[in-house]
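Visitor:
2 protein chains.
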Amino acid sequence: MGSQESLAASATSEIYTALKRDLIGGRFRAGEKLAINALKQHYRIGLSPLREALNRLAAYGLLEQENQRGFRVPALSRDELDDIIALRQRFEGEALTQALARGDADWEARLIGAGHRLKRADETATDLEQWEQAHLQFHRCLLEQCGSPWLLRFIEQLHDQFDRYRRMAPANPAIRETLDSQHAELVTLALAGHSRAACDLLQAHIRLSGEVALGACQIDERGQS
Amino acid sequence: MGSQESLAASATSEIYTALKRDLIGGRFRAGEKLAINALKQHYRIGLSPLREALNRLAAYGLLEQENQRGFRVPALSRDELDDIIALRQRFEGEALTQALARGDADWEARLIGAGHRLKRADETATDLEQWEQAHLQFHRCLLEQCGSPWLLRFIEQLHDQFDRYRRMAPANPAIRETLDSQHAELVTLALAGHSRAACDLLQAHIRLSGEVALGACQIDERGQS
DNA sequence: TATCATGGAAAAATCGATTTTTTACTATGG
DNA sequence: CCATAGTAAAAAATCGATTTTTCCATGATA
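Keeping their order, the protein sequence lines are chains A and S. According to my numbering, the residues represented by the first sequence are 424 to 648, in order. According to my numbering, the residues represented by the second sequence are 424 to 648, in order.
1) Can you give me the Cβ contacts of L442 (chain A) inside the same chain, cut-off strictly under 7 Å, excluding the 5 residues immediately before and after it?
2) Report yes or no: do the region 545-561 of chain S and the region 487-498 of chain S share at least 3 C-beta pairs separated by less than 8 Å?
3) Can you tell me whether DSSP reads Q521 (chain A) as helix, strand or coil?
4) Applying the 10 Å Cβ sphere with the 16-neighbour rule, what's the burial state of Q641 (chain S)?
5) What in chain S is Cβ-close to D649 (chain A), meaning under 7 Å?
6) When the Cα of Q512 (chain A) is compared with those of A:L559, A:A524 and A:D623, which residue comes out closest?
7) How long is the line joining the alpha carbons of E531 (chain S) and T520 (chain A), rounded to whole angstroms?
8) Could you check if S604 (chain S) is buried or exposed, using at least 16 other CB atoms within 10 Å of its CB as the buried criterion?
9) Contact between the region 570-584 of chain S and the region 527-545 of chain S is defined here as three or more beta-carbon pairs at a separation below 8 Å; is this criterion met?
10) When you compare only the Cα positions, how much space is there between L559 (chain S) and S500 (chain S)?
11) Check the C-beta distance from A518 (chain A) over to L574 (chain A) and give it rounded, since I have them as a contact under 8 Å.
12) What residues are listed by DSSP as bridge partners for K456 (chain A)?
13) Candidates A:L485, A:K456 and A:L457: which alpha carbon is nearest T440 (chain A)'s?
14) For Y483 (chain S), go through chain A and note every residue whose CB falls closer than 7 Å to its CB, in chain order.
15) For E634 (chain A), does the three-state DSSP call read helix, strand or coil?
16) Could you list which residues in chain A have their beta carbon closer than 7 Å to that of E515 (chain S), in chain order?
17) At least one CB of chain S closer than 8 Å to the CB of R479 (chain A): is that the case?
18) What are the boundary residues of the alpha helix (DSSP H) that H617 (chain S) is part of?
19) Between which two residues does the alpha helix (DSSP H) holding L473 (chain S) run?
20) Give the interface partners of E579 (chain A) over in chain S, defined as CB-CB distance under 7 Å, in chain order.
21) To the nearest angstrom, how far is it from the Cα of E634 (chain S) to the Cα of P596 (chain S)?
22) May I have the straight-line CA-CA distance separating T611 (chain S) from A620 (chain S), to the nearest angstrom?
23) Short of 6 Å in beta carbon distance, which residues of its chain neighbour R587 (chain A), apart from the five on each side in sequence? Order them along the chain.
24) Does DSSP put E489 (chain A) in a helix, in a strand, or in coil?
25) Nearest CA to the CA of E515 (chain A): which residue from A:Q568, A:L637, A:A615 and A:M591?
26) Just the Cα atoms here: how many angstroms apart are R543 (chain S) and L609 (chain S)?
27) Is it buried or exposed, S648 (chain S), if we count other Cβ atoms within 10 angstroms and call 16 or more buried?
28) Assuming the contact rule is C-beta atoms closer than 8 Å, P572 (chain S) and D506 (chain A) should be a hit. Round their C-beta distance to whole Å, please.
29) Count the other CB atoms within 10 Å of the CB of M424 (chain A); is the residue buried (16 or more) or exposed (fewer)?
30) If we ignore side chains and look at the alpha-carbon of each, how far apart do F585 (chain S) and A636 (chain S) end up?
31) What does S650 (chain A) reach in chain S if we use C-beta pairs closer than 7 Å?
32) Note the first and the last residue of the continuous alpha helix (DSSP H) segment covering G536 (chain A).
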């Protein structure tokens, strides 16, 4: 009752969600080979739904799959992160421009709401996963009006990839504060309809966030040597 | 899938390849619900590898999946095709510009080779699937030097989506001839290093190819009414 | 007539066991 | 000492059967 979408649960989709969360959240080491039996026990799930979820994640790019030799968590690489950052800047800049051109009053309201929830999550800082959720929703809300489902799909995918790096990286409270303030300013510029300025700020936001994420590569390199 | 390192065959990857080919090749009706048992028999494959392949294809966007109610071939829509075309133009234009800036002698040689193979396939026209393969390889070769693995991945994905429309659409020999000549000219411009002109031509090529693909939507709309 | 309940067939999802393939280890010959 | 063939253990992939859920025809009720 009351739920907008009846998300009929299934073992596969649940384990998919859980694994995705844990992969992005950094609960697996980069480059690690997944022991399927161990996963089966840890998540209390049967083999079939587990394997189906792993296949989905591999197709999505959060896992690598080699025929007959199972699944592996992708390594972190500086080059790949640079690629992801550059594409995020272009794609999200594009999407924001279009979103501003198409946004209506309802969207403005949702954006303010998402911005408010995020600010609250910044302040309370009690539950990390809750902040991550609010942050993701905010960035989604900002662009969802752009009118291009495929562009949004790619942006989401890149965002997930990016977050894997960011969440492996050490926290940087100084930069974090700037990033938080940028969120608020993004709302202001978006509502004012300053397309160009909003776009520039979003790209700066991604670049700065990339500075933090870069820390993940250094950790990874140390670990390899 | 983009990077398949292992050459070892597996039932899952084989059925994945076969299903992908048949989905893009239009051997399923748009909107059709897949009867898993029928697929099992038709492809002479067990249930587990089949389901794993279906999960991969759903994550890739060539199938839709609803919890507890199986898999469905996505409908064709004019809006989606417009989205795909617009993104292909932007992404591939971007990639071509970068490819030209980075291309070396070896790439030039490969491009000439791919162009030659495609021309031969145009002329002989004996085996449709063979031409499709040469065509795909040509477009891949044109952009592969761009240096952005993620951009290439998205381009490939959009190309597959696009081809599903194109191959459902009725053939248009007149336009086909123009498209073929554009391939040759793309090679010329690329080798000459005329970045801007090559980029414009590629975008025109995609737009014109889109005109053909549009025919699929009309067929689909007739079928629905 | 429209709505809602019901049961059984069909389909999807899941499980447990089996088969196949890889990996790690050991012994053997060059 | 290195290379390599053999083999046992482990892991991955696949199969066949079972369980769960949906779908749809039927009939009862207001």
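Beta carbons are placed, not taken as given, at the ideal position from N, Cα and C, and that holds for glycine. Every value quoted in this text rests on a predicted model; they were computed, and no experiment measured them.
Guide: With the given structure in hand:
1) Contacts found: A476 and L480.
2) no
3) helix
4) exposed
5) A query on residue 649 (chain A) cannot be resolved here, the shown segment of chain A reaching from 424 to 648 and no further.
6) A:D623
7) 36 Å
8) Burial is judged here by how many other beta carbons sit within 10 angstroms of a residue's own beta carbon; S604 (chain S) has fewer than 16 and is exposed.
9) The region 570-584 of chain S, when compared against the region 527-545 of chain S, does not touch it at the 8 Å Cβ threshold.
10) 23 Å
11) The distance from the Cβ of A518 (chain A) to that of L574 (chain A) is about 6 Å, consistent with a contact at the 8 Å cut-off.
12) A:R495
13) A:L485
14) A482
15) helix
16) Neighbours of E515 (chain S) on chain A: none; closest Cβ ~14 Å, over 7 Å.
17) yes
18) Neither: H617 (chain S) is in no alpha helix (DSSP H) and is coded neither H nor E.
19) L470 to Y483
20) At a C-beta separation below 7 Å, E579 (chain A) has no neighbours in chain S, since its nearest C-beta there lies roughly 12 Å away.
21) 13 Å
22) 10 Å
23) I447
24) coil
25) A:Q568
26) 16 Å
27) Confidence at S648 (chain S) is low in this model, with a pLDDT of 41, below 50, so the placement of that residue is unreliable and no value is reported for it.
28) 6 Å
29) Any reading at M424 (chain A) is ruled out, since the residue's pLDDT is 30, under 50, leaving its predicted position unreliable.
30) 8 Å
31) Since the first residue of chain A shown is 424 and the last is 648, residue 650 (chain A) is not available in this structure.
32) Under the DSSP assignment, G536 (chain A) falls in the alpha helix (DSSP H) whose first and last residues are A528 to T547.
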